[in-house]
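Going by this note's numbering, the first residue of the sequence shown is number 3, and it counts up by one from there.
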Amino acid sequence: MDHFEKTILITGGAGFIGSHLVRLFVNKYPGYKIINLDKLTYAGNLANLKDIEKAPNYTFVKADITDAVALNQLFAAHKIDGVIHLAAESHVDRSISNPMEFIMTNIVGTVNLLNAARNAWKDSFEGKRFYHISTDEVYGSLGEEGKFVETTAYDPRSPYSASKASSDHLVRAYFHTYGLPAVVSNCSNNYGGYQFPEKLIPLCINNIRHGKPLPVYGKGENIRDWLYVVDHARAIDLIFHKGVTGETYNIGGNNEWRNIDLIKKLCEIMDRKLNREPGTSAKLITYVKDRAGHDLRYAIDASKIKAELGWEPSIRFDEGFEKTIDWYLENQEWLDDVTSGSYQLYYEKQYVSR
Ligand code: NAD
Ligand code: DAU
Numbered sequence: 003m004d005h006f007e008k009t010i011l012i013t014g015g016a017g018f019i020g021s022h023l024v025r026l027f028v029n030k031y032p033g034y035k036i037i038n039l040d041k042l043t044y045a046g047n048l049a050n051l052k053d054i055e056k057a058p059n060y061t062f063v064k065a066d067i068t069d070a071v072a073l074n075q076l077f078a079a080h081k082i083d084g085v086i087h088l089a090a091e092s093h094v095d096r097s098i099s100n101p102m103e104f105i106m107t108n109i110v111g112t113v114n115l116l117n118a119a120r121n122a123w124k125d126s127f128e129g130k131r132f133y134h135i136s137t138d139e140v141y142g143s144l145g146e147e148g149k150f151v152e153t154t155a156y157d158p159r160s161p162y163s164a165s166k167a168s169s170d171h172l173v174r175a176y177f178h179t180y181g182l183p184a185v186v187s188n189c190s191n192n193y194g195g196y197q198f199p200e201k202l203i204p205l206c207i208n209n210i211r212h213g214k215p216l217p218v219y220g221k222g223e224n225i226r227d228w229l230y231v232v233d234h235a236r237a238i239d240l241i242f243h244k245g246v247t248g249e250t251y252n253i254g255g256n257n258e259w260r261n262i263d264l265i266k267k268l269c270e271i272m273d274r275k276l277n278r279e280p281g282t283s284a285k286l287i288t289y290v291k292d293r294a295g296h297d298l299r300y301a302i303d304a305s306k307i308k309a310e311l312g313w314e315p316s317i318r319f320d321e322g323f324e325k326t327i328d329w330y331l332e333n334q335e336w337l338d339d340v341t342s343g344s345y346q347l348y349y350e351k352q353y354v355s356r
């Protein structure tokens, strides 16, 4: 028997947001045993957790959430009190070219996890919690006005967002049908260190570094609401501990940017940091064919989590953006490692033939 006060299973802990969350929990809660379950897909990387991998309250388990047997074995081997479920296929463009993996991991994988938790907790749900991490993309696309609230009707429009919407519905169905003590949050676009460079910000940082074109989809007029990843991890911590079972919480940065404006700002900062002539990086901006079904605008109304749990972003965008750019410039070896190998094939297919 171990001496831990609680055992928390975090899925997808080797990915971008998951690694920030695992780090936060391992450091902040030495009394919790943190089990990080991850398949280590192209997006999962144990190097993201080098600084805490030897912590006495941390354990890594390589497993695939589509493998129901493996999940049941894990729940049988550990007395798991809480699940924070982040494991997912997360990139919209990949969902357009290969939807099936999204169906398998995001939908089937989530149901496997729900079943494993329900089975392990069948005697009592007392002290248990199943926390599902989701996205604002389930709400669809906004016009120029308005923001997503927790009661906005779902209207997912990509295979990725449809698979996340499906998983959200299933989590809520397990709450209503079986009483599984579930909670859900839907967050806007995260930015920060350790994000796989297929996503807009690290992709552009990496391309500026190499003097490669910055591919702007369509006219660059699509709008996203950006939140510093550490603030998302803080919100998850709060919801996990204080959120009301059965509830949903929207999390957002209150920080909307048109893609083209964000990329131009990035170019200015990169020129300064790399001691390049002002305007050098902006010359790399290249308009390319739009993403199919590209959602125009996302914006989160995060007033519920502020009013009920007292959360709001703690890092101003200017500060978070500089920190993020510095992180990638200080961790160029990480960038080179994750962009070597199979990522090159993806990049060719996604951009070179576009
Ligand atoms: P990511 O792609 O960086 O990481 C996903 C992790 O899940 C990886 O470590 C990967 O190895 C693991 N994984 C994938 N398939 C798996 C499987 N079948 N079994 C076990 N592990 C598997 O994703 P992210 O950006 O960190 O997103 C994490 C979660 O947060 C996702 O559920 C995503 O939908 C949600 N989310 C992301 C954002 C964002 O801006 N990145 C915003 C809101 C919500
Ligand atoms: O809103 C939350 C979501 O944010 C998460 O659920 C997803 O997991 C996460 O990937 C992110 O989705 P987006 O599609 O918004 O992120 P991405 O970084 O892929 O793109 C951001 C915007 O930039 C989007 O409007 C598309 C555009 N874009 C993206 C890429 C990769 C480009 O113009 N060029 C590009 O090369």
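Even for Gly, the Cβ is constructed at its ideal location relative to N, Cα and C.
As the structure is a prediction and not an experimental result, all values here were calculated from the model.
Start and end of the beta strand (DSSP E) containing His-87? 84-87
At what residues does the beta strand (DSSP E) containing Trp-259 begin and finish? 258-260
For Lys-357, count neighbouring C-beta atoms within 10 Å of its own C-beta (all shown protein chains included) and say buried if the count is 16 or more, exposed if not. This structure leaves residue 357 out entirely; the chain is present only between 3 and 356.
Please state whether DSSP places Phe-62 in a helix, a strand or coil. strand
With DSSP collapsed to three states, give me the class of Val-246. coil
Flag this pair as touching only if the segment 182-190 and the segment 246-255 have three or more C-beta atom pairs under 8 angstroms; answer yes or no. yes
Can you give the beta carbon distance from Glu-200 to Tyr-60, rounded, assuming they're within the 8 angstroms contact cut? Not quite, the Cβ-Cβ distance comes to about 27 angstroms (not below 8 angstroms), so this is no contact.
With a threshold of 6 angstroms on Cβ separation, who are the neighbours of Cys-269 within its own chain once the five nearest residues in sequence on each side are excluded? Ser-283, Ala-284
Just how far apart, CA to CA, sit Leu-276 and Trp-329? 14 angstroms
Cβ of Cys-269 versus every heavy atom of ligand 1: is any distance shorter than 7 angstroms? no
Confirm the yes/no value for this check: CB of Ser-136, any heavy atom of ligand 1, distance under 7 angstroms. yes
With DSSP as the reference, label Val-231 as helix, strand or coil. helix
Among Pro-32, Thr-43, Leu-39, which has the Cα closest to the Cα of Thr-1? What is shown of the chain runs 3 to 356, which leaves residue 1 out entirely.
So within the segment 197-229, which uninterrupted alpha helix (DSSP H) runs reach at least 4 residues, ignoring any that extend past its ends? 202-212
Rounded straight-line distance, which links the Cα of Asn-29 to that of Arg-96: 33 angstroms
Validate contact between the segment 201-215 and the segment 140-148 using beta carbons, cut 8 angstroms, 3 pairs: no
Tell me which same chain residues have a C-beta within less than 7 angstroms of the C-beta of Val-110, skipping the five on either side of it? Thr-68
Who are Val-290's beta bridge partners in DSSP? Tyr-219
Compute the distance between the beta-carbons of Gly-254 and Asp-227, then report whether it is under 8 angstroms. yes
When you compare only the Cα positions, how much space is there between Asp-303 and Val-151? 5 angstroms
In three-state DSSP terms, what is Arg-278? coil
Which residue's Cα is closest to the Cα of Ala-122: Asp-4, Tyr-230, Leu-73, Ala-164? Leu-73
Looking only at DSSP bridge pairs, what is His-134 linked to? His-87, Val-186
Identify the continuous alpha helix (DSSP H) that holds Lys-308 and give its terminal residues. 305-311
Looking at the unbroken beta strand (DSSP E) that takes in Lys-35, where does it start and where does it end? 34-40
Please list, in chain order, all residues of the same chain as Ala-357 whose beta carbon is under 6 angstroms from its beta carbon, the five residues on each side excluded. The chain is shown from 3 up to 356; residue 357 falls before or after that span and cannot be answered.
Where does Arg-318 sit, in a helix, a strand or coil, going by DSSP? coil
Under 8 angstroms, with one C-beta from each stretch per pair, do the segment 290-298 and the segment 203-222 reach the 3-pair mark? yes
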